[in-house]
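According to this note's numbering, the residues represented by the sequence shown are -10 to 170, in order. A virtual CB, placed ideally from N, CA and C, is assigned to each residue, including glycine. Only a predicted model underlies this, so the values are computations on that prediction, with no experimental measurement involved. What follows is a set of notes on a single structure, which appears directly below.
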Amino acid sequence: MEQSQPKRQLRMIWPAGKPCGLPITWPDGYVLRQFQESDTEKYLALMHEAGFADFSLESLDKMKKSLLPQGFFIVEYLPEHELAASAMANDQPIEAYPEAGAVNWVAGAKKHSGRGLGTTVVLAVLKRLLDSGYREIYLTTDDFRLPALKTYLKIGFEPDLFADDMPARWAAIYARLNWVV
């Protein structure tokens, strides 16, 4: 019996030349700031809670190599000094986008879900990439990450239909999200 291969990740793109006019906001009690080395332990715990079980200190060190200056965003819940959400802006060209920047490792704590914090960190990264002159911006994600997919679509990212199975996969996602195209 043939074993099924895991699905390749979805890719979404920011339309070249499109400005981002959405404001970066966050609720009272939270603050958007840059990652500090003292956040490392809490950051790794956040990544694991968000479903990135294999994300390690080595993973973090690798991602920092392509990180834009002032491109590692954290939303902190001030009353408890908890990391509530995070995302990175990386210089990360790929074959399809040889001059690309990437929105990477978007994560949120379940305890803080439903407060728009994913939108906060994604917009912060997107604006950082746009302000740095990137015209090619993408992110990768998975079919099952429906809240994240909805956030990306609301912000204005578009599906990259780079493989034959992508139209059907996106049709299924739109149906699950009740998203009208």
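CB contact below 8 Å: residue i versus chain D
i, result
"Ile13", "This model lacks chain D altogether, as it is built from one protein chain only."
Residue i versus residue j: straight-line alpha-carbon distance, rounded
i, j, result
"Thr29", "Leu57", "18 Å"
"Asp153", "Lys116", "31 Å"
"Val64", "Lys54", "22 Å"
"Met(-10)", "Leu49", "A caution first: Met(-10) carries a pLDDT of 49, below 50, which makes its placement in the model unreliable, though a value can still be read off. Using only the alpha carbons, I get a separation of about 38 Å."
"Ser45", "Lys51", "10 Å"
"Ala84", "Arg(-3)", "Reading the sequence as shown, one finds Glu at residue 84 and not Ala. Rounded to whole angstroms, Glu84 to Arg(-3) spans 15 Å at the Cα level."
"Arg22", "Gln59", "9 Å"
"Asn79", "Thr14", "22 Å"
"Glu47", "Phe62", "19 Å"
"Leu112", "Leu11", "8 Å"
"Val169", "Thr140", "14 Å"
"Gly105", "Lys143", "11 Å"
Residue i and residue j closer than 8 Å at C-beta
i, j, result
"Ser121", "Gly145", "no"
"His101", "Ala73", "yes"
"Tyr66", "Gly18", "yes"
"Cys9", "Leu128", "no"
"Thr130", "Leu(-1)", "yes"
Opening and closing residue of the beta strand (DSSP E) in which residue i lies
i, result
"Asp80", "71 to 80"
"Tyr66", "56 to 66"
"Tyr141", "Per DSSP, Tyr141 belongs to no beta strand (DSSP E); it is in the alpha helix (DSSP H), 135 to 144."
Presumed contact (8 Å Cβ cut-off) between residue i and residue j, rounded CB distance
i, j, result
"Pro4", "Glu125", "About 10 Å separates the two Cβ atoms, so there is no contact after all."
Residue range of the unbroken alpha helix (DSSP H) whose run includes residue i
i, result
"Arg22", "First-last for Arg22: 19 to 23, but that is the beta strand (DSSP E), not the alpha helix (DSSP H)."
"Leu115", "106 to 120"
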